[in-house]
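When the letters of the sequence shown are read in order and numbered with the numbering used here, they come out as residues 3 to 236.
We put the CB at the ideal spot given by N, CA and C, even for glycine.
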Amino acid sequence: MMDFSGNKFSGLLPNGNFNISSEFNNGDVRRLPAEPFLAIRNIEIKISVLVVDNSELSFNYHLSSNAGIDLSDNLLHGEIPRGLFGLQGLEYLNLSYNSLDGQVPSLEKMQRLRALDLSHNSLSGQTPGNISRLKELVLLNFSYNSLSGFVPWKEGYGRFPGAFVGNPDLCVESRRVKCDSGSLPTVPGKSFEETEGPISVWIFCISAFVSFYFCVVTLFCSTRARSCLLQTKV
């Protein structure tokens with residue numbers, strides 16, 4: 003386990019800096035894939051973190067069994083590098099308690115993944131696609147972000163009912179709750195007029211005016227109501 007949690011590192015994780023050593027393809031660098039990934043164990047990778055003062059922290063790490071990366075409880079920001087989610091040998095990944103934003107990359111290549119914690123960040127957009135293929139996944143936590151849309155029950159998310167707490171624009175389907183994707187806002191944070199449209203706003207204004215007019219007419223047409231109003235003024 004590569005554990006750098008709780009160090010207050012600030013900066014971002016640059017994309018493309020998850021460099022697989024030449025040992026991956028018997029010393030032939032030209033045969034390295036365009037998009038980094040890990041398909042076997044015992045591989046050396048280099049991870050770089052760009053900090054605030056434009057200096058770079060580089061870590062050479064030898065992945066073996068139970069490979070994991072923990073960068074939780076730091077001050078990292080920016081989007082999650084897609085190269086990080088291309089490490090097929092990765093089993094544990096914890097990026098919680100940072101200030102990461104953007105969308106969650108696809109998980110389809112992380113077939114060995116057992117635990118993923120992205121909670122307490124500023125991630126937005128929809129949740130990744132079908133995770134039912136991740137047979138070894140036992141822990142998933144996307145709580146307290148800004149995710150939106152809906153989480154389909156049939157795509158494997160039903161195994162993690164508490165993984166999405168603290169995402170107010172996210173509808174999580176269950177056996178009892180069905181989400182209507184057409185009624186959910188596509189962009190979180192829109193105003194009422196932008197979400198519902200000008201027609202709904204006019205309908206609301208007209209109904210409010212009619213209700214007020216009806217109350218006034220009822221008040222002045224009712225003898226009892228008029229007498230009560232005069233007595234109150236006296």
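Q) Using 8 Å as the threshold, is the segment 106–113 in touch with the segment 152–163, meaning 3 or more CB pairs across them? A) Contact between the segment 106–113 and the segment 152–163 is absent, with fewer than three C-beta pairs closer than 8 Å.
Q) Can you tell me whether DSSP reads F87 as helix, strand or coil? A) Reduced to three states, the DSSP call for F87 is helix.
Q. Rounded to whole angstroms, how far is the Cβ of S150 from the Cβ of S176, which I believe are closer than 8 Å?
A. Not quite, the Cβ-Cβ distance comes to about 18 Å (not below 8 Å), so this is no contact.
(Q) Here's a check: name, in chain order, each residue in its chain whose Cβ is nearer than 8 Å to the Cβ of S7, leaving out the five neighbours to either side. (A) Within its own chain, the residues whose Cβ lies closer than 8 Å to the Cβ of S7, once the five positions on either side in sequence are excluded, are D72, L73, S74, D75, N76 and N96, listed in chain order.
Q | Other residues of its chain near V174: CB distance less than 6 Å, five sequence neighbours each side excluded | A | So the list reads V153 and F166, once near-sequence residues are dropped.
Q: Would you mind working out which of L15, L142, L172 and F11 sits nearest E93, comparing C-alpha positions?
A: Answer by Cα proximity: L142.
**Q.** Cβ-Cβ distance between P130 and L109 below 8 Å
**A.** Pairing P130 with L109 gives a Cβ-Cβ distance under 8 Å.
Q: Name, in chain order, the residues that DSSP records as bridge partners for V174.
A: DSSP links V174 through a beta bridge to V153.
Q) Is the beta carbon of P83 less than 8 Å from the beta carbon of P163? A) With respect to the 8 Å criterion, P83 and P163 are not classified as neighbours on the basis of their beta carbons.
(Q) Please report the distance separating the alpha-carbon of R178 from that of G168. (A) Approximately 20 Å between the Cα atoms of the pair.
Q: Taking Q105 as the reference, give the member of G91, F144 and A69 with the closest Cα.
A: Cα-wise, what sits closest to Q105 is F144.
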